[in-house]
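Numbering (my numbering) for the sequence shown: 216 to 450.
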Amino acid sequence: MNMTNNQGKRLLAVFAHPDDESFICGGTLAKYARDGVDITLVSATRGDMGRRMGNPPYLNRETMAATRELELKEACEHLGVQRLIFFDIRDKMVEFADEESLIARIATLIEEVQPDVVLTFHEMLGGHPDHCAIGKATTAAFQRIGQRGSLYFISFGDAMAQPERFGYTPKEIARIDVQAHLEAKLAAFRAHRCQTEIDEWVWLPDQEALARFGRYEYFMKWDRMVAVGSGDDLF
């Protein structure tokens, strides 16, 4: 394994659903896992209210949560995520969870993990209400424990290739080259079978499917007063 100076560092990713980690930043997680970074992933829910139930459908509301848990565990193996935690909040209910309890729980986890980098959703740009709610709580927890390490917000696709549209400047964006880790990302996509079976491109021959991925994944710096180092590394 080819280690870098990120060996021994820690990353905490706090997301809402199984598949957030793979679909949004799977290449980055795979890259840092390969570099020797210890990665802890939180999924606030088990995705039990997901609309996709396989193609043709083979799941129902009773079986969805257990299946998606197994799929996420498999995805974590492909990405190199060492520790997986579920908060067991009902899917689509994160925004209604007791905010103080959620913030305290995340703050306790940050203190336990002592991450060098925390990843979560932007509380306004997260898209889904669950995304925004877990991002807001994680940001509050990060601030509460004294802002140790760096906090970044994940973004979708190449939206932040032109960050000015969202009120950001290039110096506030980290662009991570994941070209060498797209095979792991594709394997993680395929692990989330019930969610991706309907997407024909995911199941094309490997080289055709891999060509659908962008080379970069983009992250917004929480502390906008501090420019992102070289812009190509989160650490």
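Even for Gly, the Cβ is constructed at its ideal location relative to N, Cα and C. All of these numbers come straight from a predicted model, not from anything done at the bench.
Report all residues from its chain with a CB closer than 8 Å to the CB of residue i; omit the five preceding and five following residues, and keep chain order.
i	result
residue 328	225, 227 and 255
residue 446	385, 386, 388, 389 and 390
residue 418	405, 411, 412 and 424
Out of curiosity, what's the CA-to-CA distance linking residue i and residue j?
i	j	result
residue 460	residue 439	Shown here, the chain extends from 216 to 450; a query on residue 460 therefore has no answer.
residue 411	residue 404	7 Å
residue 216	residue 321	Here the model assigns residue 216 a pLDDT of 38, short of 50, so the residue's position is not dependable and the matter cannot be decided.
residue 339	residue 347	6 Å
residue 253	residue 435	21 Å
residue 282	residue 288	10 Å
residue 415	residue 236	20 Å
residue 307	residue 351	15 Å
residue 345	residue 385	27 Å
residue 241	residue 382	25 Å
residue 229	residue 361	18 Å
residue 325	residue 297	16 Å
residue 349	residue 278	24 Å
For residue i, which residues of its own chain have a beta-carbon under 6 Å away from its beta-carbon, when the five flanking residues on both sides are left out?
i	result
residue 302	259
residue 359	322
residue 232	260 and 262
residue 317	352
Nearest to residue i by CA position, among the options, is which residue?
i	options	result
residue 248	435, 235, 399 and 420	399
residue 408	268, 354 and 278	268
residue 341	330, 354 and 331	354
residue 262	241, 250, 246 and 284	284
residue 389	222, 368 and 221	368
residue 234	266, 380 and 406	406
residue 293	418, 402, 419 and 424	402
residue 365	330, 395 and 397	330
residue 290	361, 239, 318 and 437	239
residue 265	295, 305 and 437	305
residue 343	357, 363 and 309	309
What residue does the alpha helix (DSSP H) around residue i start on, and which one ends it?
i	result
residue 320	314-328
residue 432	Segment 431-436 is the beta strand (DSSP E) holding residue 432; no alpha helix (DSSP H) there.
residue 449	From DSSP, residue 449 is part of no alpha helix (DSSP H); its letter is neither H nor E.
residue 354	344-359
May I ask which residues mark the beginning and end of the beta strand (DSSP E) holding residue i?
i	result
residue 367	365-369
residue 278	Element bounds for residue 278: n/a, residue is neither H nor E.
residue 304	Element bounds for residue 304: n/a, residue is neither H nor E.
residue 406	Looking at the DSSP string, residue 406 is not in any beta strand (DSSP E); the run it does join, the alpha helix (DSSP H), is 397-406.
residue 253	253-258
For residue i, which residues of its own chain have a beta-carbon under 7 Å away from its beta-carbon, when the five flanking residues on both sides are left out?
i	result
residue 535	No statement about residue 535 is possible, as the shown extent of the chain runs from 216 to 450 and does not include it.
residue 221	247, 250, 251, 252 and 450
Task: Three-pair Cβ contact test at 8 Å for the region 271-287 versus the region 309-325 - done: no
At least 3 beta-carbon pairs within less than 8 Å: the region 329-338 vs the region 285-305: At 8 Å Cβ cutoff, the stretches do not touch.
With three or more C-beta pairs closer than 8 Å as the rule, is the region 425-432 touching the region 364-384? yes
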